[in-house]
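Novice:
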Amino acid sequence: MGTRQKQDLTIFNDNSVICPQLLDSKIFHPFTGLITSVEGTSPIWLINTLIEELLFGKCRLNSSVSSHHHNTSLSKKLDRQVTYISLSNNLSYYSYYFKKLTSIDLTTQQDRFQFINCFDDLFTKILKDGDISEESVVKNLFETHILKNIAPSNNRIIFIDGLEFLVSASNVKPITMVKFLHNLQKSCQGLFLISSVDEELIDFAENNDRLIEHRITQFYSYMIHKSNFVVNARPLSTGRADDISGNLRISKGMVGLDWLLKHPQPNNLQVLEKEYLFLVKKDFTVDLFYK
302 MGTRQKQDLT
312 IFNDNSVICP
322 QLLDSKIFHP
332 FTGLITSVEG
342 TSPIWLINTL
352 IEELLFGKCR
362 LNSSVSSHHH
372 NTSLSKKLDR
382 QVTYISLSNN
392 LSYYSYYFKK
402 LTSIDLTTQQ
412 DRFQFINCFD
422 DLFTKILKDG
432 DISEESVVKN
442 LFETHILKNI
452 APSNNRIIFI
462 DGLEFLVSAS
472 NVKPITMVKF
482 LHNLQKSCQG
492 LFLISSVDEE
502 LIDFAENNDR
512 LIEHRITQFY
522 SYMIHKSNFV
532 VNARPLSTGR
542 ADDISGNLRI
552 SKGMVGLDWL
562 LKHPQPNNLQ
572 VLEKEYLFLV
582 KKDFTVDLFY
592 K
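Just so we're aligned: the sequence shown equals residues 302 to 592 in the numbering used here.
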């Protein structure tokens, strides 16, 4: 791997991680990005990179950024806010890895970073008495615990992970989740959906809605069709190597960026479809290489 040159992470054709135009509510309607992974590959480093880019205007993953400096002018000018909703982990987990990557404690960023914990008390306090009916999930989780705790803002970007867990652990229908995400998107300028899906459960030929394979496939299909871009992290097909942890693929979603423009106007913004190799090192820093 010593002969390969490190690369910066870019998702759009303006060489940005998150294009400033997409964050401007005067130009674009809210966007949706889908981050997917499979068992054995955690995208926590990618999630932290996106949060860092949004809060501080730069990310340390990219080589042009000093390891001890953040350009906060962009984020301060836009008064950027990030809300993270998790059904898979608590704040301690994300704070630990974010601090490893950036040396910054997320718990000190409460004016700009909001964490909604749907993990610790999901089946005890949030879904009262463990009621997993669709009505309970919609009322107690979606409406009361999440939506009522988010103040709508054009400067807000929302991340939500673990929704696929509800597909198997509750009676909520995938289409009901889509309606919830539509309402959630009204509170922000951008929505990142983070999903870890067991590929063995994806079966487009299965049409029995009682089976988990059908529900998971339907959920995954809805997420793909809602997204403007997709970032997929997966291990190497040959297994993990000492000098490579996995593949990172960036692709266009089913909804083109031009559909998000508020007014008909020339705009050349595109998702740069590409594939990286990534290496997560012992100190939690990450190197990217073109595949």
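Cβ atoms here follow ideal geometry from the backbone N, Cα and C, with glycine treated the same way.
Decide if T350 is buried, meaning its Cβ has at least 16 other Cβ atoms within 10 Å, or exposed.
Specialist: buried
Novice: Taking the alpha carbon of S469 as the point to measure from, which residue in H446, N363, V498 and F313 has its own alpha carbon closest?
Specialist: V498
Novice: Considering Cα atoms alone, identify which of L324, N472, N455 and S454 is closest to L442.
Specialist: N472
Novice: Within the continuous beta strand (DSSP E) that includes L335, where are the two ends?
Specialist: Following the DSSP letters along the chain, one finds L335 inside the beta strand (DSSP E) bounded by residues F332 to S338.
Novice: In the DSSP assignment, find the unbroken alpha helix (DSSP H) run with E576 in it and report its ends.
Specialist: That residue, E576, is in no alpha helix (DSSP H); its beta strand (DSSP E) goes K575 to V581.
Novice: Have a look at C419, V479, L467 and E435 and flag the residue whose alpha-carbon is nearest the alpha-carbon of N450.
Specialist: C419
Novice: Let me confirm a value: Q490 is counted as buried when at least 16 other C-beta atoms fall within 10 Å, else exposed. Which label applies?
Specialist: Buried is the call here.
Novice: Tell me the DSSP secondary structure of S317 in three-state form.
Specialist: In the structure shown, S317 sits in coil (DSSP, three-state: anything other than H, G, I, E or B).
Novice: Looking at I447 and I386, is the spacing between their C-beta atoms short of 7 Å?
Specialist: Between I386 and I447, the CB-CB gap stays under 7 Å.
Novice: Just confirm the distance between the C-beta atoms of N314 and L573, as a whole number of angstroms; I'd bet it's less than 8 Å.
Specialist: 5 Å
Novice: Could you round the C-beta distance between L310 and L589 to whole angstroms and report it? I think they count as a contact, below 8 Å.
Specialist: Contact holds; Cβ gap of about 6 Å.
Novice: Give the range of the beta strand (DSSP E) segment to which R361 is assigned.
Specialist: From DSSP, R361 is part of no beta strand (DSSP E); its letter is neither H nor E.
Novice: Of the residues I319, R305, I312 and I328, which one's Cα is nearest the Cα of Q566?
Specialist: That would be I328, whose Cα lies nearest to the Cα of Q566.
Novice: Between L467 and the rest of its own chain, which residues show a CB-CB distance below 6 Å, the 5 nearest in sequence each way excluded?
Specialist: V473
Novice: Tell me where the beta strand (DSSP E) around Q410 begins and ends.
Specialist: No beta strand (DSSP E) contains Q410, which DSSP labels as neither H nor E.
Novice: Using the three-state DSSP reduction, which class does R516 fall into: helix, strand or coil?
Specialist: Taken through DSSP and simplified to helix, strand or coil, R516 comes out as helix.
Novice: Residues in its own chain within less than 8 Å of Q410 by CB, not counting five upstream and five downstream?
Specialist: The answer, listed in chain order, is L356.
Novice: Check for me: the alpha helix (DSSP H) holding N349 runs from which residue to which?
Specialist: I345 to F357
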